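A.B. asks:
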Amino acid sequence: MVTQAYAQEAVTPTEENLDHAVDATHGEGVDAHDPTADTHATTEAHGEGHSDVFPPFDPATFPSQLLWLAISFAALYLLMSKVALPKVGSIIEKRQATIDADLQAADADRQKTDAAIASYEKALAEAKSKAQAIATQSRDAMQADLAAKRSAAEATLATKVSEAEARITTTKNAALAHVDEIAAETAQAVVGQFVGDVSADSVRAAVAKVKG
Amino acid sequence: MAGTDPIHQFVIYDLFPIHIGDEAAGNALNLSFTNSSLFMVVTVAVLTAFMAMSASKASMVPGRFQLAGELAYSFVANMLRSSAGTEGMKFFPFVFSLFGFVLVANLLGMFPYFFTVTSHIIVTAALALLVISVVILYGFFRHGPKFLKLFVPAGVPGYVLPIVVPIEIISFLSRPISLSVRLFGNILAGHITLKVFSGFVVSLGALGALGWLGALLPLIMTVAITALELLVAVVQAYVFAVLTSMYLNDAVHPSH
């Protein structure tokens, strides 16, 4: 390999070499249908400045390439359009349909759940308001009952107090009436000790005079 | 043999010679089954096998092969739908075949000693002309003379049209050229570069210890370029398919 590369570089485009190259090309190119042989000649001629056909631009290969490209691409198109792509496409579509159906079912379930939650919350609110009404009612009733009992008790107490006050007044008056008697007796006794006997009536008059 | 000749890899030779016509009469045709033909057939076989394997199980939860096949399918389908719309989806098998053919042919060409089908201008030109023919034929079939509105952009004032219409026509006619030369040039240049650098490794390696040291640099380059060429192989197939989709869009919706 390397030697050839060197050979290519080493060869100078002298008249002799050029002739030789042309000869070689002609000699090997007898079988024109063997492009391999042609290219060997090309390769050798390359370093000598001889411009042979660059393989991608070689028109001799065009008919064969076009024919086999047409055959293989047509086969590929048919295989893809009739077999492979419809199959893959149907798989993808089927999956998409399944996913859509599942999503729809999930959405329906979610809506059902939402409805259940809403009805539950409604019932809860109703129960709460009912409970509050009951509580208010019973509290009012209790308060009324309590007030009635308290006023009754207060009335009883008031009568008892007034009765007691009346009794106290009578007792006080009675007591005050006795005070004069005690004072007269006491004065009679005291005066009797100092002066001698004094009549009860005069003492009483004196006491009444002092009391004034 | 021509181990370091960067051109040798593009040589086409007969495997099963088929020659018709008379050479003396000047109408000889070489329709032989060549190495190029072999790799076209291999490309079709690889792509078909891949798609067949991916579709063989058809399970609801895809396995690896099935997922790869479905990704390829939806990749091309989305690409075509985004550029040519839903009506362009009738060309889906065509675009998928083109993309797959170019991609697999490019990637097979990355194997050492394999022939690269897309490194020959006649192949890429044939594919590009096929695309443009489909565009023109379908455009006229679908829209009749209205297809020519493609060359008359809407909303352009009348006095500019004499300039714009020729530009549009030239740009339309240059499409098959750019489409084919882009793919051909990228693949050809990449393979030549790769071969030149790997040839340096061989040449320098033959020089002994010092040469081995010197061969290290082109060896690293060869590895790096191999990675780059893998990228180019995929990107060029993608570009080919994207441009095909956009040209097909013109056939489906000729008024811009």
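Residue numbers (numbering that gives the first Met the number 0), protein chains in the order written: chain A, 0 to 211; chain B, 0 to 255. Glycine residues also receive a C-beta, built at the ideal position from the N, C-alpha and C atoms. In this text, all values refer to a predicted model and were calculated from it rather than measured experimentally.
In its own chain, which residues sit with a C-beta less than 6 Å from the C-beta of residue 45(A), not counting the 5 before and 5 after it?
C.D. replies: Caution is warranted here: a pLDDT of 40 is assigned to residue 45(A), below 50, making its placement in the model unreliable, and no coordinate value can be reported.
A.B. asks: Inspect the beta-carbon positions of residue 68(A) and residue 39(B) and report whether they are closer than 7 Å.
C.D. replies: Result yes, Cβ atoms of residue 68(A) and residue 39(B) sit closer than 7 Å.
A.B. asks: If I measure Cβ to Cβ from residue 151(B) and keep anything under 7 Å in the same chain, skipping five residues before and after, which residues do I get?
C.D. replies: The answer, listed in chain order, is 160 and 164.
A.B. asks: Residue 19(B) bridges to which residues according to DSSP?
C.D. replies: In the DSSP output, where bridge partners are listed per residue, residue 19(B) has 28(B).
A.B. asks: When you compare only the Cα positions, how much space is there between residue 97(A) and residue 88(A)?
C.D. replies: Roughly 14 Å between the two C-alpha positions.
A.B. asks: What did DSSP end up calling residue 3(B) once you bin it into helix, strand or coil?
C.D. replies: Looking at residue 3(B) - three-state DSSP - the assignment turns out to be coil, as it is neither helix nor strand.
A.B. asks: Just to check my reading of the structure: residue 221(B) and residue 197(B) have Cβ atoms closer than 8 Å, yes? What is that Cβ distance to the nearest angstrom?
C.D. replies: Residue 221(B) to residue 197(B), Cβ: 5 Å. Contact.
A.B. asks: Listed from N- to C-terminal order along the chain, which residues in the region 46–76 of chain A have their beta-carbon within a distance smaller than 9 Å of any beta-carbon of chain B?
C.D. replies: Listed by position along the chain: 53, 54, 55, 56, 57, 58, 59, 60, 61, 62, 63, 64, 65, 66, 67, 68, 69, 70, 71, 72, 74, 75 and 76.
A.B. asks: Do residue 186(B) and residue 85(B) have their C-beta atoms closer together than 7 Å?
C.D. replies: Their beta carbons are not under 7 Å apart, which means residue 186(B) does not touch residue 85(B) by this criterion.
A.B. asks: Throw me the rounded Cβ distance for the residue 117(B) and residue 101(B) pair, which I believe falls under 8 Å.
C.D. replies: Contact flag correct, Cβ pair sits at about 6 Å.
A.B. asks: Does residue 232(B) come out as helix, strand or coil in the three-state DSSP assignment?
C.D. replies: DSSP places residue 232(B) in helix when its eight states are reduced to three.
A.B. asks: Taking C-alpha atoms, which residue in 68(B), 113(B), 87(B) and 107(B) lies nearest to residue 268(A)?
C.D. replies: Past the edges of chain A, shown from 0 to 211, lies residue 268(A), and the structure says nothing about it.
A.B. asks: For a contact defined as C-beta to C-beta under 8 Å, what are the partners of residue 122(B) on chain A?
C.D. replies: Here the neighbours are 64 and 68.
A.B. asks: Residue 227(B) to residue 22(B), Cα distance in whole Å?
C.D. replies: Going from the Cα of residue 227(B) to the Cα of residue 22(B) covers about 44 Å.
A.B. asks: DSSP state of residue 51(A), grouped into three classes?
C.D. replies: Looking at residue 51(A) - three-state DSSP - the assignment turns out to be coil, as it is neither helix nor strand.
A.B. asks: Just reading off the alpha helix (DSSP H) that residue 49(B) is part of, what are its end residues?
C.D. replies: It spans 34–55 - the alpha helix (DSSP H) in which residue 49(B) sits, taken as one unbroken run.
A.B. asks: Which of the three DSSP states is assigned to residue 66(B) in this structure?
C.D. replies: In this structure, residue 66(B) counts as helix in the three-state DSSP scheme.
A.B. asks: Give the single residue among 223(B), 157(B), 177(B) and 174(B) whose Cα lies nearest to the Cα of residue 189(B).
C.D. replies: Considering only alpha carbons, the answer is 223(B).
A.B. asks: Between 200(B), 192(B), 207(B) and 206(B), which has its C-alpha nearest residue 214(B)'s C-alpha?
C.D. replies: If we check each option's Cα against that of residue 214(B), 200(B) comes out closest.
A.B. asks: Would you report the Cα separation of residue 95(A) and residue 76(B), rounded to the nearest angstrom?
C.D. replies: Approximately 15 Å between the Cα atoms of the pair.
A.B. asks: Please report the straight-line C-alpha distance between residue 113(A) and residue 107(A), rounded to a whole angstrom.
C.D. replies: So the alpha carbons of these two residues sit roughly 10 Å apart.
A.B. asks: Please state the DSSP three-state secondary structure of residue 204(A).
C.D. replies: The answer is helix: DSSP assigns residue 204(A) an H, G or I state.
A.B. asks: Across which residues does DSSP place residue 13(B) in a beta bridge pair?
C.D. replies: According to DSSP, which records beta bridges pairwise, residue 13(B) is partnered with 33(B).
A.B. asks: Mind pulling the beta strand (DSSP E) runs of 3 or more residues that sit fully within the region 47–116 of chain A?
C.D. replies: For the region 47–116 of chain A, not a single whole beta strand (DSSP E) run of length 3 or above is found.
A.B. asks: Does the beta carbon of residue 86(A) come closer than 7 Å to any beta carbon on chain B?
C.D. replies: By this cut-off, residue 86(A) is an interface position.
A.B. asks: Counting only Cβ pairs nearer than 7 Å, list the residues of chain A close to residue 43(B).
C.D. replies: Within 7 Å Cβ-Cβ: 71, 74 and 75.
A.B. asks: Of all Cβ atoms in chain A, is any one closer than 7 Å to the Cβ of residue 95(B)?
C.D. replies: Closer than 7 Å: yes.
A.B. asks: Let me confirm a value: residue 25(A) is counted as buried when at least 16 other C-beta atoms fall within 10 Å, else exposed. Which label applies?
C.D. replies: Bear in mind that the predicted position of residue 25(A) carries a pLDDT of just 45, short of 50, making it unreliable; the figure below should be weighed with that in mind. That one is exposed.
A.B. asks: Strictly under 7 Å for the Cβ-Cβ distance: is residue 107(A) near chain B by that measure?
C.D. replies: Cβ-Cβ to chain B under 7 Å: no for residue 107(A).
A.B. asks: Taking buried to mean at least 16 other C-beta atoms within 10 Å of its own C-beta, is residue 119(B) buried or exposed?
C.D. replies: Classification for residue 119(B): buried.
A.B. asks: Does DSSP put residue 72(B) in a helix, a strand or coil?
C.D. replies: In this structure, residue 72(B) counts as helix in the three-state DSSP scheme.
A.B. asks: Helix, strand or coil, according to DSSP, for residue 144(B) in the structure here?
C.D. replies: Residue 144(B): helix per DSSP, three-state reduction.
A.B. asks: Do residue 99(B) and residue 46(B) count as a contact pair if the criterion is CB distance below 7 Å?
C.D. replies: Against a cut-off of 7 Å, the Cβ pair of residue 99(B) and residue 46(B) comes out as a contact.
A.B. asks: Do we get a CB-CB distance below 7 Å when we pair residue 228(B) with the residues of chain A?
C.D. replies: So, not an interface residue.
A.B. asks: DSSP three-state label for residue 241(B), please.
C.D. replies: Reduced to three states, the DSSP call for residue 241(B) is helix.
A.B. asks: When the Cα atoms are used, what is the spatial distance from residue 186(A) to residue 202(A)?
C.D. replies: Going by the C-alpha atoms only, they are around 7 Å apart.
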